[in-house]
Amino acid sequence: MGEDDFGHLERLVSELDSHGLHARVVRTQSGRAFVRVINPNATSLAENVTCRAQAAPSPRDWYYWWSWGERMHTAQDPAGAATKVARVLAAVGE
Numbered sequence: 001m002g003e004d005d006f007g008h009l010e011r012l013v014s015e016l017d018s019h020g021l022h023a024r025v026v027r028t029q030s031g032r033a034f035v036r037v038i039n040p041n042a043t044s045l046a047e048n049v050t051c052r053a054q055a056a057p058s059p060r061d062w063y064y065w066w067s068w069g070e071r072m073h074t075a076q077d078p079a080g081a082a083t084k085v086a087r088v089l090a091a092v093g094e
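Residues in the sequence shown are numbered from 1 upward in steps of one, following full-length UniProt numbering.
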């Protein structure tokens, strides 16, 4: 994992916090990192977001990825990614 990757994750944490979600960067024993996000109003609503470069054939742009492996949003726009995560983790009535 490169420093770019970690920086993108930290910027996402900051944006998620502004949405009222609890988020932190977690580094695994293997050195990989992800953002653990929890809705404090419904703690069963949680997600792990990773950040990695898009594989070939496209340019090596960085993206945030959902835990199920689907590309979510460009890492150049952490606010937009945070909005998507907040929408997915919103509890009924939020």
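For each residue, glycine too, the CB sits at the ideal point set by N, CA and C.
Can you tell me which of Gly7, Arg27 and Trp65 puts its alpha carbon nearest to the alpha carbon of residue 101?
This structure gives no information on residue 101, because the portion of the chain shown stretches from 1 to 94.
May I ask you to list the residues that DSSP assigns as paired with Ala23?
DSSP output for Ala23 lists Val37 as bridge partner(s).
Span of the beta strand (DSSP E), counted from its first residue to its last, around Ala46:
Segment Ala46 to Ala53, the beta strand (DSSP E) holding Ala46.
For Arg60, which residues of its own chain have a beta-carbon under 7 angstroms away from its beta-carbon, when the five flanking residues on both sides are left out?
Closer than 7 angstroms at the Cβ level, and outside the excluded window around Arg60, lie Ala53 and Gln54.
What does the Cβ neighbour count give for Val26, buried or exposed, with the cut at 16 atoms within 10 Å?
A residue is called buried once 16 or more other Cβ atoms fall within 10 Å of its Cβ, and Val26, having fewer, is exposed.
Rounding to the nearest angstrom, what Cα-Cα distance links residue 100 and His73 in this structure?
The chain is shown only over 1 to 94; residue 100 falls outside these bounds and no answer can be derived.
Span of the beta strand (DSSP E), counted from its first residue to its last, around Thr74:
Arg71 to Thr74
Alpha carbon to alpha carbon, what distance is there between Trp68 and Glu15?
Roughly 21 angstroms separates the two Cα atoms.
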